[in-house]
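Residue numbers 10 to 443, in the numbering used here, belong to the letters of the sequence shown in order.
To start, the structure itself, in structure tokens.
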Amino acid sequence: MSDVRFNLPSQVTEILDLLKAHTYTPYLVGDCVKELLLGGKPMDFDIVCDATLDRIEAIFYEKYRTREDSLYKGELIIISGGMGISVAPFRANFDGNGRPIYCDNLDDELRRRTFTAEAIAYNHDTGLYDKCNGAKCISPDKIILKALGERSFIAASEMPLKKRKGKKSAPPLVIPALERNPRGILEAMLKFSKGEAEITPVTLKNIQDNPQLLKRIHPAELMEWFEKIIMGKNVTEALLCFKSIVFCLFPVLRQEDGFEQNSSYQEFTLYEHTAKAVGFAVPDLKIRMALLFHGAGKADCAADRTYFTSYNGHGERAVMLTKSVLAEYSTPKVVIENICALIRRHDDKITPENYSDYVNAYGEDFTRDLLLFQSANVRAKGYDPVNERVSQSLRQLADGLSGTSVKTRRNTSPLTVTVDGLKNIVKMLDKNGI
Numbered sequence: 010m011s012d013v014r015f016n017l018p019s020q021v022t023e024i025l026d027l028l029k030a031h032t033y034t035p036y037l038v039g040d041c042v043k044e045l046l047l048g049g050k051p052m053d054f055d056i057v058c059d060a061t062l063d064r065i066e067a068i069f070y071e072k073y074r075t076r077e078d079s080l081y082k083g084e085l086i087i088i089s090g091g092m093g094i095s096v097a098p099f100r101a102n103f104d105g106n107g108r109p110i111y112c113d114n115l116d117d118e119l120r121r122r123t124f125t126a127e128a129i130a131y132n133h134d135t136g137l138y139d140k141c142n143g144a145k146c147i148s149p150d151k152i153i154l155k156a157l158g159e160r161s162f163i164a165a166s167e168m169p170l171k172k173r174k175g176k177k178s179a180p181p182l183v184i185p186a187l188e189r190n191p192r193g194i195l196e197a198m199l200k201f202s203k204g205e206a207e208i209t210p211v212t213l214k215n216i217q218d219n220p221q222l223l224k225r226i227h228p229a230e231l232m233e234w235f236e237k238i239i240m241g242k243n244v245t246e247a248l249l250c251f252k253s254i255v256f257c258l259f260p261v262l263r264q265e266d267g268f269e270q271n272s273s274y275q276e277f278t279l280y281e282h283t284a285k286a287v288g289f290a291v292p293d294l295k296i297r298m299a300l301l302f303h304g305a306g307k308a309d310c311a312a313d314r315t316y317f318t319s320y321n322g323h324g325e326r327a328v329m330l331t332k333s334v335l336a337e338y339s340t341p342k343v344v345i346e347n348i349c350a351l352i353r354r355h356d357d358k359i360t361p362e363n364y365s366d367y368v369n370a371y372g373e374d375f376t377r378d379l380l381l382f383q384s385a386n387v388r389a390k391g392y393d394p395v396n397e398r399v400s401q402s403l404r405q406l407a408d409g410l411s412g413t414s415v416k417t418r419r420n421t422s423p424l425t426v427t428v429d430g431l432k433n434i435v436k437m438l439d440k441n442g443i
């Protein structure tokens, strides 16, 4: 235990004191400890102790307003002063049905966590309990994600074969903490995508080498995680760094890896272009998902010409593949259709001559989304300054499509600006082979 002490809200100290008055030893665990170490003021607190769930209910039932929707996970939520405070017995793990497996000590409770930065507990009397040195991985800049047991994994991997015990002579392939909790892979990817965390090289390599662990998670839950990941500000880096995970989730994208597009207008491989396009896009889920899959049909439709490769029909092929992939994850049909509509029309050229007709045919919302899609897609083609100017022009045009209809703007000065902008865009598109 350390001498660290935190100033806790009175609602939390009341609950801690009440548990102590009933001879139990309570600890704060989870994200609230991390936030407290960073000097923050968390609103959600998780408390674990050596009481049974029945005893916890009995202690707080009459005095506090409680929420019982998490009892199946072995925890009681106490509502006090606008805060949600979870109180639970020590839990070593959860079974296949999500029911808790209880234990009788704090070490086993902390051992079920995935990363050392999460395996920290705090007792208001004795201070910080940090057996795994997780506090060293927490700083105001970034959290360092280091899997529990990483040091033992390294030692076991490097041990000479003749010194290994038992019949199995092969080195361990997975850090036990990741094997025990595959959701830790998604958690690491999400925090990396949001720019909140860095990952130690050994843990990162272990994640990259073991995407098959995700097959133990229900597809619907996988998609929930990925939808959060793809909205991160560092999503391009995440898609590139964790591409083995992406290919496990969406095998159809695997053929993009290392695929040279054989075009003077494309500086990157197909998957690199895809990752960059997603990162350049506005944080709109359907636009980013459409960009993720828009090149899925290129490899199937590639036809070599004398000096270049053509991809006729790749949009429709990508639509077909996208529908199949997203249906496997039980994505709602309306969401799939919105994503596929952008993919289907992503090569459309909106010109001064067809601008009004296009908006009237497809609606302002879709036209705006398509322009934002194209803006990100063009920018991700390469570092040519023309790409940047085209991207900015498309983005500005999309920004002008907010709130008012084309018909009411038809004879106003903003439309003149829009048409002039469109003329410039078309010239640059033609010049740059877009």
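Every residue gets a Cβ at the ideal spot worked out from N, C-alpha and C, and that includes glycine.
DSSP lists no beta-bridge partner residue for phenylalanine 201.
Selection Thr283, Leu258 and Phe259 evaluated against glutamine 270 yields Thr283 as nearest (Cα-Cα). Excluding five sequence positions before and after valine 328, the CB atoms of its chain that fall closer than 7 Å to its own CB belong to Cys349, Ile352 and Arg353, given in chain order. Here DSSP, grouped into helix, strand and coil, assigns cysteine 112 to coil. Among the bridge pairs identified by DSSP, methionine 92 is matched with Ser89. About 22 Å separates the beta carbon of isoleucine 88 from that of arginine 100, a gap too long to meet the 8 Å contact definition. Histidine 323 has its alpha-carbon roughly 48 Å from the corresponding atom of tyrosine 81. In the DSSP assignment, glutamate 207 is bridged to Ile153. For glycine 158, the three-state secondary structure derived from DSSP is coil. For glycine 136, the enclosing beta strand (DSSP E) stretches over residues 136-138. Per DSSP, reduced to three states, the secondary structure at asparagine 386 is helical. According to the DSSP assignment, tyrosine 280 belongs to the alpha helix (DSSP H) that extends over 279-289. The alpha-carbon separation between leucine 213 and glycine 90 amounts to approximately 40 Å. Considering only Leu187, Thr135 and Glu246, the residue with the shortest C-alpha distance to asparagine 215 is Leu187.
Closest in C-alpha terms to aspartate 12, from the list Tyr131, Tyr70 and Ile86, comes Tyr131. Secondary structure note for tyrosine 131: its beta strand (DSSP E) is the uninterrupted segment 130-132.
Counting C-beta atoms within 10 angstroms of its own C-beta, serine 402 has 16 or more neighbours from the protein chains shown and is therefore classed as buried. With fewer than 16 other CB atoms across the displayed protein chains lying within 10 angstroms of its CB, arginine 76 is exposed. Fewer than three beta-carbon pairs drawn from the stretch 251-271 and the stretch 353-369 are found closer than 8 Å, and the two stretches are therefore not classed as touching. Distance check between glutamine 275 and each of Lys151, Gln405 and Arg388 places Arg388 closest, using alpha-carbon atoms only. Nearest Cα to lysine 50 within the set Lys203, Lys72, Leu17 and Ile68: Leu17. With contacts defined by Cβ atoms closer than 7 Å, isoleucine 208 and leucine 154 form a contacting pair. Between arginine 297 and cysteine 310, the CB-CB gap reaches or exceeds 7 Å.
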